[in-house]
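Taken in sequence, the protein lines are chains A and B. Quick note: the first sequence uses numbering that gives the first Met the number 0, first residue 0, plus one each step. Quick note: the second sequence uses numbering that gives the first Met the number 0, first residue 0, plus one each step. Worksheet: one structure, shown below.
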Amino acid sequence: MPPDSSAPSASSGEGPSRWRRPLLAVGGGLVVLLTGAALLSRGAGDGAEPARAAASKDGSQGTLSRGGGGGGSGGGSQEGAEADAAPRRFESGTCWRDLERFNEQVTLGTFREWAAPLLASRDGVVRAYLKERLTELIGNDAGRAQEVLGWARDAQGKEFQVFLSALRDSEAVQQPQVAAKLLASGLDATLEPGRRAGMLSALDTQKRLEPAALDTLANFAKDPGSGEAGWAATRSLARVMKKDFAQSGNAAPYLDKLLTIGTDSPDENIRYLAQSMPMHAAPVLDAASTERYSRILTSEGNEDGRDAAAHNLSLSQDKAKVLELFAQTFPREPSVCVRWALFRFSARVAGQEALPVMAKMAASDPRFQPQYRVFEQLYASGVLDFMRVWNSLPDQDPFGCMDKHD
Amino acid sequence: MTRMSSFRMSAWGWLAFALVPLIPLPSVAEGAAAAPVLQGETCSVPGLMDQIRRGLASKSPAYQRYLRALLREAAVTLPGAELQAAFERETDPVMAEHLAAALVARSEREADREAMQVVAKRALEDRDPAVRSATVRAMRRTGALEKTGDLYERLMRDASPEVRMEAATNLVEDNKFVYAGQHGPATDTAVAAAAASSDPKATAKILGTLNTEKLGAEAAGTLQGLLRSDSAEVRRSAALALGGVPAEQMGTAREALVSLYRGERDTGVRKALVQGIAQLGFASAVPELQRLKGIDPGMAPEIDAWIRALETGLQEWELILREKQRLQQAP
Numbered sequence: 000m001p002p003d004s005s006a007p008s009a010s011s012g013e014g015p016s017r018w019r020r021p022l023l024a025v026g027g028g029l030v031v032l033l034t035g036a037a038l039l040s041r042g043a044g045d046g047a048e049p050a051r052a053a054a055s056k057d058g059s060q061g062t063l064s065r066g067g068g069g070g071g072s073g074g075g076s077q078e079g080a081e082a083d084a085a086p087r088r089f090e091s092g093t094c095w096r097d098l099e100r101f102n103e104q105v106t107l108g109t110f111r112e113w114a115a116p117l118l119a120s121r122d123g124v125v126r127a128y129l130k131e132r133l134t135e136l137i138g139n140d141a142g143r144a145q146e147v148l149g150w151a152r153d154a155q156g157k158e159f160q161v162f163l164s165a166l167r168d169s170e171a172v173q174q175p176q177v178a179a180k181l182l183a184s185g186l187d188a189t190l191e192p193g194r195r196a197g198m199l200s201a202l203d204t205q206k207r208l209e210p211a212a213l214d215t216l217a218n219f220a221k222d223p224g225s226g227e228a229g230w231a232a233t234r235s236l237a238r239v240m241k242k243d244f245a246q247s248g249n250a251a252p253y254l255d256k257l258l259t260i261g262t263d264s265p266d267e268n269i270r271y272l273a274q275s276m277p278m279h280a281a282p283v284l285d286a287a288s289t290e291r292y293s294r295i296l297t298s299e300g301n302e303d304g305r306d307a308a309a310h311n312l313s314l315s316q317d318k319a320k321v322l323e324l325f326a327q328t329f330p331r332e333p334s335v336c337v338r339w340a341l342f343r344f345s346a347r348v349a350g351q352e353a354l355p356v357m358a359k360m361a362a363s364d365p366r367f368q369p370q371y372r373v374f375e376q377l378y379a380s381g382v383l384d385f386m387r388v389w390n391s392l393p394d395q396d397p398f399g400c401m402d403k404h405d
Numbered sequence: 000m001t002r003m004s005s006f007r008m009s010a011w012g013w014l015a016f017a018l019v020p021l022i023p024l025p026s027v028a029e030g031a032a033a034a035p036v037l038q039g040e041t042c043s044v045p046g047l048m049d050q051i052r053r054g055l056a057s058k059s060p061a062y063q064r065y066l067r068a069l070l071r072e073a074a075v076t077l078p079g080a081e082l083q084a085a086f087e088r089e090t091d092p093v094m095a096e097h098l099a100a101a102l103v104a105r106s107e108r109e110a111d112r113e114a115m116q117v118v119a120k121r122a123l124e125d126r127d128p129a130v131r132s133a134t135v136r137a138m139r140r141t142g143a144l145e146k147t148g149d150l151y152e153r154l155m156r157d158a159s160p161e162v163r164m165e166a167a168t169n170l171v172e173d174n175k176f177v178y179a180g181q182h183g184p185a186t187d188t189a190v191a192a193a194a195a196s197s198d199p200k201a202t203a204k205i206l207g208t209l210n211t212e213k214l215g216a217e218a219a220g221t222l223q224g225l226l227r228s229d230s231a232e233v234r235r236s237a238a239l240a241l242g243g244v245p246a247e248q249m250g251t252a253r254e255a256l257v258s259l260y261r262g263e264r265d266t267g268v269r270k271a272l273v274q275g276i277a278q279l280g281f282a283s284a285v286p287e288l289q290r291l292k293g294i295d296p297g298m299a300p301e302i303d304a305w306i307r308a309l310e311t312g313l314q315e316w317e318l319i320l321r322e323k324q325r326l327q328q329a330p
């Protein structure tokens with residue numbers, strides 16, 4: 000299933016809350032990823048179960064952690080974390096008479112007609128099956144993949160989702176000619192924006208993006224008219240970055256494009272997505288990327304973008320420079336939420352060596368004094384890992400910043 | 000379809016399509032086969048069992064996954080007694096696993112609190128090790144370990160190595176995917192089972208990747224005891240597990256690992272000891288690691304890689320691990 004059916008709704012009113020939603024929706028598990036505490040499971044083919052325990056302080060079974068900015072390198076559990084956090088389903092299953100024959104006899108030629116009554120139902124289990132069965136029918140055949148892509152040009156509703164989800168997960172989508180056709184379709188201005196967004200979203204399973212495709216996606220995403228399709232292009236670019244970085248250790252080409260989008264796009268939603276998504280891959284920033292994120296931190300009008308910049312900067316190679324930047328920026332920063340980011344991510348920059356900087360922040364803004372005492376006590380107890388510090392905080396959202404995203 | 004008037008006003012991407020009303024589709028079917036008559040109906044235990052039994056012969060993994068998901072979905076509304084009776088009658092391991100998973104799903108959703116006990120009993124007592132293994136698998140990635148007392152310690156003493164490894168896999172995956180390493184009792188259960196095992200492979204499987212961030216003090220003592228195991232793979236996994244213990248146990252763990260390093264001869268264990276020491280100290284472990292280089296010059300490249308990773312100043316263990324791997328792979 001293409002992730003992010005929870006992509007941001009633009010139907011709500013104007014104002015910050017409208018664009019704050021995207022980051023929380025992006026990847027579904029971003030909040031979870033960042034806390035590193037409430038990883039949602041993804042069964043290997045079986046139904047997913049929600050994580051039982053989160054950062055409950057007493058170690059007893061707890062509820063999912065609400066935190067959303069503790070950093071998090073995304074270690075071994077990342078895939079599960081960023082995976083779709085499907086809600087548990089409690090309704091009974093429906094048994095479909097003749098589904099066995101459907102399964103045995105369906106072909107690519109009959110799939111669309113035969114699957115229609117199932118797709119018209121509200122049965123999510125059978126819909127998941129149809130998606131997987133279509134992926135099997137496509138296999139590694141580029142011709143079949145392109146045929147399904149052709150269907151997606153006029154398919155509606157759940158049918159559209161199933162077609163593109165199946166294509167996205169197929170082996171054939173990795174073939175250059177299929178990926179190129181998918182990209183071209185996503186850029187086809189004759190199609191509706193939402194349809195293009197769906198097609199560009201289906202690119203997110205690519206193992207890598209070649210320079211030409213990266214250029215195309217980035218140029219499109221930062222175009223003032225790219226809209227929701229540009230948003231989807233940005234997200235796919237970032238998701239491929241995460242995979243490619245895990246495999247090759249090199250995020251630079253992607254990060255360069257995301258920072259360009261994050262700086263140049265006139266659309267705040269897209270800009271913010273580009274600024275924030277690198278935190279999933281958690282690359283260590285070189286001097287050039289540190290400089291570009293520093294400019295975002297000090298000049299971006301969107302406070303969530305500044306928050307994202309602080310998050311990413313906490314993994315800069317130049318720790319002294321970033322710590323100094325955070326110290327200087329803190330008193331000038333008007334948003335308490337961004338100040339909270341600067342404060343806590345100082346600890347991610349330098350651990351307990353950041354305490355003097357954090358103490359100065361707390362001295363200049365007394366609201367941070369209780370937070371400072373907590374960090375000081377945790378480091379004094381011997382905790383070293385920033386994720387453990389984060390998981391040990393009695394309140395991960397002391398200024399109600401997460402509430403704004405709900 | 001509804002054409003979206005603007006980016007601002009439209010719902011986004013996939014959500015947009017999910018909300019668009021369905022429109023009847025033209026037929027594009029080809030070929031001679033008549034379309035199946037697909038009618039939804041209420042599931043029954045015998046009907047589902049027949050469908051699953053036939054589905055086992057299907058060449059489509061998607062269909063097999065569907066049947067498994069369907070049974071779990073339907074489990075809550077299927078008659079519990081009928082489901083339990085079918086499970087107790089079933090001797091085919093694959094079918095038993097499906098039925099056990101349905102009973103576990105009922106227990107998880109609190110439709111039938113006792114269903115888990117029925118499954119656990121069979122996991123311990125069935126004569127066929129393949130059925131015991133299958134039943135253990137049915138409890139994977141659930142909350143079974145909270146409801147089954149000392150089940151896992153007993154499973155670790157099962158005569159069948161297959162059953163022991165399935166149980167070990169449950170403990171690994173439950174701790175990782177269900178509890179995210181944040182539920183101390185689950186961690187302690189895993190350590191207790193690892194210690195109860197006389198199968199080094201099962202013990203190593205449990206401890207090798209266990210997140211011990213919420214480990215209890217007693218379990219930490221158990222882990223230290225395992226450092227004295229005759230089995231190198233047990234010592235290695237215990238060293239890795241000790242690297243992640245809570246702050247209040249870090250000092251003791253570090254001493255134990257350093258002490259063992261001096262007398263250890265197995266290279267794999269030594270590498271694990273160094274990793275554990277690195278995790279327990281981050282950058283402050285560097286002087287200790289420098290000292291350990293003198294004990295075994297053959298370990299110098301490994302220790303140097305850890306020192307370089309720690310000296311990056313990264314503040315998260317996962318990032319340090321990633322950095323160490325990257326440094327070692329760099330040309």
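Heads up, the beta-carbon is just placed ideally off N, CA and C, and yes, glycines get one too. Since we're looking at a predicted model, the values are computed, not measured.
Between the region 205–218 of chain A and the region 188–195 of chain A there are fewer than three inter-stretch CB-CB distances shorter than 8 Å, so the stretches are not counted as touching. Taking the beta carbon of A/Asn218 as reference, no residue of chain B falls within 7 Å; the closest one sits roughly 17 Å away.
The region 252–263 of chain A and the region 283–301 of chain B do not touch, with fewer than 3 CB-CB distances between them shorter than 8 Å. Linking B/Pro45 to B/Val162 through their CA atoms gives a straight-line distance of about 28 Å. According to DSSP, A/Leu284 shares a beta bridge with A/Ser315.
Linking A/Cys94 to B/Gly207 through their CA atoms gives a straight-line distance of about 42 Å. Secondary-structure assignment with DSSP links B/Thr41 through a beta bridge to A/Thr93. Under the three-state reduction of DSSP, A/Pro192 is assigned to helix. Nearest CB-CB separation between A/Asn301 and chain B: not below the 8 Å threshold. Distance from the CA atom of B/Gln50 to the CA atom of A/Ser313, rounded to whole angstroms, is 54 Å. Flagged as an interface residue toward chain B: A/Gln104, by a C-beta distance shorter than 8 Å. Inter-residue distance for B/Ser159 and B/Glu124 is about 12 Å (C-alpha atoms, whole angstroms). Identification of chain A residues near B/Gly79 by a Cβ-Cβ cut-off of 8 Å yields none; the smallest Cβ-Cβ distance measures about 13 Å. Taking A/Leu284 as reference, the option from A/Ser315, A/Arg100, A/Val124 and A/Ala361 with the minimal CA-CA separation is A/Ser315. Excluding five sequence positions before and after B/Glu172, the CB atoms of its chain that fall closer than 6 Å to its own CB belong to Arg139 and Arg140, given in chain order. Across the region 348–365 of chain A, CB contacts with chain B closer than 8 Å involve Val348, Ala349 and Gly350, in sequence order along the chain. Taking a Cβ-Cβ threshold of 7 Å, none of the residues of chain B is close to A/Ser247; the smallest such distance is about 10 Å.
Ranking A/Val105, A/Phe385, A/Arg338 and A/Asp222 by CA distance to the CA of B/Leu318 puts A/Phe385 first. Between the region 352–363 of chain A and the region 218–229 of chain B there are fewer than three inter-stretch CB-CB distances shorter than 8 Å, so the stretches are not counted as touching. By the Cβ rule, the region 104–121 of chain B does not count as touching the region 127–137 of chain A, because fewer than three pairs are nearer than 8 Å. Between B/Pro245 and B/Glu217, the beta carbon gap of about 13 Å keeps them out of contact (Cβ cut-off 8 Å). The count of Cβ pairs closer than 8 Å, one atom from the region 268–283 of chain B and one from the region 239–253 of chain B, reaches three, so the stretches are in contact. By alpha-carbon distance to B/Leu313, the top candidate from B/Val257, B/Ser283 and B/Pro35 is B/Ser283. The distance from the Cβ of A/Ala144 to that of A/Ser169 is about 6 Å, consistent with a contact at the 8 Å cut-off. Its chain contains no residue whose beta carbon lies nearer than 6 Å to that of A/Gly123 once the 5 sequence neighbours on both sides are disregarded.
The beta-carbon separation of A/Met278 and A/Ala307, rounded to 7 Å, stays under the 8 Å limit for a contact.
For A/Cys336, the enclosing alpha helix (DSSP H) starts and ends at Val335 to Ala349. For the region 304–319 of chain B, the beta-carbon criterion of a distance under 7 Å to any beta-carbon of chain A is satisfied by Gly312, Gln314, Glu315, Trp316, Glu317 and Leu318. Secondary structure of B/Asn169 (DSSP, three-state): helix.
Taking A/Ala171 as the centre and dropping the five residues before and after it, the same chain places the C-beta of Ile137, Asn139, Asp140, Ala141, Ala144 and Val177 closer than 6 Å to its C-beta, in chain order. Closer than 8 Å at the C-beta level to chain B, one finds these residues of the region 91–102 of chain A: Ser91, Gly92, Thr93, Cys94, Trp95, Arg96, Asp97, Leu98, Glu99, Arg100, Phe101 and Asn102. Judged by DSSP in its simplified three-state form, B/Gln181 adopts coil rather than helix or strand.
The alpha-carbon separation between B/Lys120 and A/Val239 amounts to approximately 46 Å. Taking 8 Å as the upper bound for CB-CB distance, A/Leu181 and A/Leu148 are in contact here, some 6 Å apart. Membership of A/Thr262 in the alpha helix (DSSP H) is indicated by the continuous run Ala251 to Asp263. Apart from sequence neighbours up to five positions away, the residues of its chain that approach A/Thr134 with a beta-carbon distance below 6 Å are Ala165, Asp168 and Ser169, ordered along the chain.
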